[in-house]
Amino acid sequence: MATAVQLYDEAIALQQAGNLEGAIEKLTGLLADHPDYALGHAALSAFYGKLDRHDEAVEHAKKVCEIEPQDPFSFMAMSLICQRAGRIPEAEEALKTAMQKQWAAHGG
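Per numbering that gives the first Met the number 0, the very first residue in the sequence shown carries number 0; after that it's consecutive.
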């Protein structure tokens, strides 16, 4: 059986070959077996965003933030996804959280 990393790499290869739907399918399968694999959720968030499937993009961006709550980049990515989805209050809140976590990480 393929590892999470192998399945993720296969999904990225599909995306890079222009098969976004295949990549999404591969990632969905990956997350069925490894629901806390943050990179899988992050990639799904980005890929759904490219397809203007904003609700699904935001859902996976939120999951990344749940899995990696101390990572400022997760919240920054969520802010961008929310902006593209037109969810400005959520985008602003995620950006604020990203800045707070970044500040805390540097002893602020």
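Just so it is clear, CB atoms sit at the ideal spot from N, CA and C, and this is done for glycine as well.
It should be emphasised that the depicted structure is a prediction, and the values quoted were computed from it without experimental measurement.
query                                                                                                                                                           : result
Span of the alpha helix (DSSP H) holding residue 92?                                                                                                            : 87-104
Go ahead and pull the three-state DSSP assignment for residue 36.                                                                                               : coil
Our contact map puts residue 106 next to residue 83 with C-beta atoms below 8 Å; I'd like the distance itself, whole angstroms only.                            : Actually they are not in contact, since the Cβ atoms of residue 106 and residue 83 sit about 32 Å apart, beyond 8 Å.
Using C-beta distances below 6 Å, list every residue in its chain close to residue 63, excluding the 5 sequence neighbours before and after it, in chain order. : 37, 40, 41 and 73
Quick one: Cα of residue 102 to Cα of residue 95, how far?                                                                                                      : 11 Å
I'd like to know whether the C-beta atoms of residue 45 and residue 25 end up nearer to each other than 8 Å.                                                    : no
Would a C-beta distance cut-off of 8 Å place residue 19 and residue 50 closer than the cut-off?                                                                 : yes
According to DSSP, simplified to helix, strand and coil, what is residue 16?                                                                                    : coil
Just reading off the alpha helix (DSSP H) that residue 60 is part of, what are its end residues?                                                                : 53-66
Would you mind sorting residue 23 into buried or exposed? The rule is 16 or more other CB atoms within 10 Å of its CB.                                          : buried
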